[in-house]
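Below is one structure, written out as structure tokens; comments come after it.
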Amino acid sequence: MSEPKRTSHVGSQQCHSLPSPSSHHFSPTPSPKPSSITSSLQARNSSNNHLIQTLSKQGLTKHALHLLSTEPRPTQRTYELLILSCSRNNSLSDAAAVHRSLVDDGLGQDSFLATKLIDMYAQLGSIDNARYVFDEMRDRTIFVWNAFIRALALAGCGDEALGVCCRMSESGVWFDRFTYTYALKACVVSGERKGKEIHGNLLRRGFEWNVHVVTTLIDVYAKFGLVSYAGKLFDEMPERNVVSWSAMIGCLAKNGRPFEALELFWEMMVGNPDEVPNSVTMVSVLQACAALSALGQGKLIHCFVLRRGLDSIVSVNNSLVTMYSKCGNLEVARRVFDRMDKRDVVSWNSMISGFGVNGFAEEAILVFKEMINDGKVSPNAITFISLLGACSHSGLVDEGKRLFYSMVPEYHIYPTSEHYAGLVDILGRAGRLEEAIKVIEDMRIEPGSTVWGSLLGACRIHCNIELAERASVRLFELEPTNAGNYVLLAEIYAEAKMWVEVNRVKKLLEARGLQKVSGCSWIEVKGKIYSFVSVDELNPQIEQLHALLVKFSVEMKEKGYVPDTKAILYELDEVEKEEIVLGHSEKLAVAFGLINSSAGETIRITKNLRLCRDCHSVTKFISQFTNRDILVRDVNRFHHFRNGVCSCGDYW
DNA sequence: GTAGGGTTAG
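Whatever position you read off the first sequence (first residue = 1), add 183 for the numbering used here.
Encoded structure:
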């Protein structure tokens with residue numbers, strides 16, 4: 184079918200003045216139009232416009248575009264619908280054709296359509312074309328300014344977005360509530376200082392009363408980790424709704440304050456019956472349950488999800504899979520996963536990593552194979568990070584290597600530093616340190632802190648001081664304020680009884696104003712969460728817990744147990760060292776679980792750091808001696824203790 | 001005519 188001829192309604196000069204925006208999609212060539220319009224044709228025009236609009240609404244952009252070329256007077260509404268259709272169909276070439284035709288029809292200065300075009304290009308990820316539309320506009324309404332600032336913030340061009348905000352002010356256009364929300368989003372990229380500036384600015388203009396603006400501000404502070412700023416705003420909000428509650432709950436859940444996230448959720452439920460939590464609230468609350476391994480709370484939330492009919496929402500189901508996995512309840516995680524009608528890449532990744540952290544690498548790989556066979560969803564970078572982690576936890580060296588080296592040829596996914604870190608971890612844990620360092624030396628990208636961190640972790644397991652020092656030099660450069668790296672190196676020296684070096688690292692830590700993160704464990708008993716720190720003198724039951732642990736210790740020693748105190752960073756008497764390891768938070772939590780639960784009940788504990796070797800062997804013993812299943816989730820993975828054996832096979 | 005909060009890894 185040949186294209187009908189059209190003549191441009193605007194002068195050719197204007198068309199030629201269009202520079203080609205950096206992408207090749209937008210061509211400045213004017214499109215041909217009919218030179219004369221007969222009255223009979225005009226009669227058909229209104230129905231033509233109507234037809235184009237109908238086709239656009241149905242997403243039939245190509246057909247609509249074809250008809251557009253025969254239409255001498257397309258209306259603003261026709262173009263609006265065409266633009267929406269291009270956004271929906273994700274077609275940049277159609278978008279450029281619509282844009283070109285719109286300019287040809289003399290609508291290039293229509294501010295309404297300019298706003299829509301900017302939105303469309305932003306959605307299609309073509310910020311250069313959005314910038315072109317904006318630059319071409321002579322009279323910019325606030326809608327045009329806002330659309331462009333929003334487009335820039337969405338594209339991660341924070342500084343440019345804030346620059347445009349300045350130009351907007353300078354040209355005498357005042358920020359409105361929309362400008363503030365977009366400018367605040369731009370600050371997520373541009374930094375805390377800018378965010379605080381905008382905050383000051385909006386206070387002077389009285390926008391602290393706008394629920395959208397303040398909610399955005401809470402979220403921005405959450406993303407900077409400034410929980411107290413977010414909390415203050417939330418507390419002082421004149422009006423709250425489900426979105427502001429969810430933003431604050433999410434802020435706490437993501438910033439290491441899951442306990443408070445749950446408290447706030449219950450405050451919302453109990454104190455504010457008008458605010459009904461929705462799927463987004465559920466996702467954040469489930470994240471908090473997962474962080475705490477709070478299975479009881481998680482089950483309550485699951486019931487709520489079912490009652491409210493939120494169980495068909497993919498993100499909610501994904502969060503349920505993660506929550507059950509992180510509570511060590513893989514059977515239910517798998518059941519939720521199997522019952523899902525729709526699964527996205529996050530669903531598959533959640534199930535794969537669930538099996539992985541629980542030490543079931545074979546199952547994780549099976550799920551990955553199912554994903555490939557299913558064919559509806561392609562794996563992404565995170566899929567492989569999860570798979571490599573699974574292999575590492577289970578010691579599947581060859582399978583891990585095979586997966587790593589299949590990434591590019593089979594799935595076109597290029598390994599990032601995190602993937603290399605996964606491979607280094609697999610090799611390092613297995614004691615293949617030379618091979619691990621070879622991988623680092625041959626990396627095509629600059630090794631990041633995760634890579635050196637994996638190597639240092641492996642050196643800790645295999646007591647390799649030389650390589651540990653090499654990794655530390657790089658780590659201290661890359662992450663000067665990460666106390667964990669200094670502690671790890673000090674522990675390696677302590678194990679080798681190199682006390683001069685231990686003290687040197689401790690002084691370095693002190694000089695940089697850093698502190699060792701203290702160990703903390705917690706346990707959920709009858710829906711309540713109890714937390715313990717090492718040598719927890721303030722705990723009301725401490726004497727009872729200590730007595731029980733001493734009793735175990737005596738019995739264990741009779742069976743040949745020798746406390747492992749090698750990682751203690753102080754040169755103390757062996758008796759004093761034993762006292763310290765016996766007071767580790769994880770042991771206190773186990774003792775508390777034994778005293779406060781009935782026989783046969785599984786004890787579930789979570790720890791903020793890696794489980795120490797002594798706690799590991801003591802927990803194995805206790806599981807046998809008391810005939811209890813003990814589940815400990817440390818910062819890296821799960822340990823299922825049963826009959827004196829741990830699921831990690833002492834490989835962690 | 002434009003708006004705010006969410007899931008996987010590390």
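Glycine included, every Cβ here is placed at the ideal spot set by N, Cα and C.
Just so we're clear, the structure is a prediction, and the values are computed from it rather than from any experiment.
Check	Outcome
Any 3 or more C-beta pairs closer than 8 Å across the segment 634-645 and the segment 662-672	yes
Residue 707 - DSSP class collapsed to helix/strand/coil	strand
Residues that DSSP places opposite residue 825 in a beta bridge	828
Spatial neighbours of residue 239 in its chain, beta-carbon cut-off 8 Å, leaving aside the 5 residues before and after	247, 261, 264, 265, 267 and 268
For residue 815, the first and last residue of its enclosing beta strand (DSSP E)	813-816
Inter-stretch contact (C-beta, 8 Å, three-pair minimum) for the segment 583-594 and the segment 625-641	no
Under 7 Å between C-beta atoms of residue 301 and residue 330	yes
Closest residue to residue 659 among 677, 636 and 679 (Cα-Cα distance)	636
Neighbourhood of residue 378 by C-beta distance below 6 Å, restricted to the same chain and skipping five residues each side	370 and 403
Terminal residues of the beta strand (DSSP E) in which residue 789 lies	786-790
Endpoints, the alpha helix (DSSP H) within which residue 800 is located	796-808
Neighbour-count burial assignment, residue 241, 16 or more Cβ in a 10 Å radius	exposed
Rounded distance between the beta-carbons of residue 543 and residue 534, thought under 8 Å	Residue 534 to residue 543, Cβ: 11 Å. No contact.
Beta-carbon spacing of residue 467, residue 516 below 7 Å	no
Same chain, Cβ closer than 6 Å to residue 569, neighbours up to 5 away in sequence not counted	532, 535, 536 and 539
Limits of the alpha helix (DSSP H) - the one that residue 754 falls within	Per DSSP, residue 754 belongs to no alpha helix (DSSP H) and is neither H nor E.
Segment limits, alpha helix (DSSP H) that includes residue 365	360-373
Buried or exposed (CB count within 10 angstroms, at least 16 for buried), residue 282	buried
Residue closest to residue 609, alpha-carbon to alpha-carbon, out of 596, 586 and 599	586
Nearest to residue 343 (by Cα), restricted to the options 596, 355, 562 and 313	313
Close Cβ partners of residue 807 (< 7 Å) along its chain, the five nearest in sequence each way excluded	826 and 827
Neighbourhood of residue 426 by C-beta, 7 Å cutoff - its chain only, sequence neighbours within 5 removed	398
Inter-stretch contact at 8 Å, needing at least 3 Cβ pairs: the segment 765-784 / the segment 704-715	yes
As assigned by DSSP and simplified to three states, the class of residue 543	coil
Own chain, CB closer than 7 Å to residue 137, minus 5 neighbours either side, in chain order	Residue coverage of the chain in this structure runs from 184 to 835, which leaves residue 137 outside it and unanswerable.
Three or more C-beta pairs below 8 Å linking the segment 797-813 and the segment 742-756	yes
Delimiting residues of the alpha helix (DSSP H) encompassing residue 283	275-287
Nearest to residue 252 (by Cα), restricted to the options 455, 235 and 473	235
Where residue 411 sits in the DSSP three-state scheme	helix
For residue 585, the first and last residue of its enclosing alpha helix (DSSP H)	580-594
Buried or exposed (CB count within 10 angstroms, at least 16 for buried), residue 619	buried
Where residue 381 sits in the DSSP three-state scheme	helix
Heavy atom of the ligand GTP within 6 Å of residue 739 beta-carbon	Of ligands this structure carries none, so the ligand GTP is not represented either.
Contact set for residue 324: own chain, Cβ-Cβ below 8 Å, skip 5 residues either direction	294 and 298
Span of the alpha helix (DSSP H) around residue 424	No alpha helix (DSSP H) holds residue 424; DSSP gives it neither H nor E.
Length of the line joining the Cα atoms of residue 838 and residue 558	Because the chain spans 184 through 835 in this model, residue 838 falls outside it and cannot be assessed.
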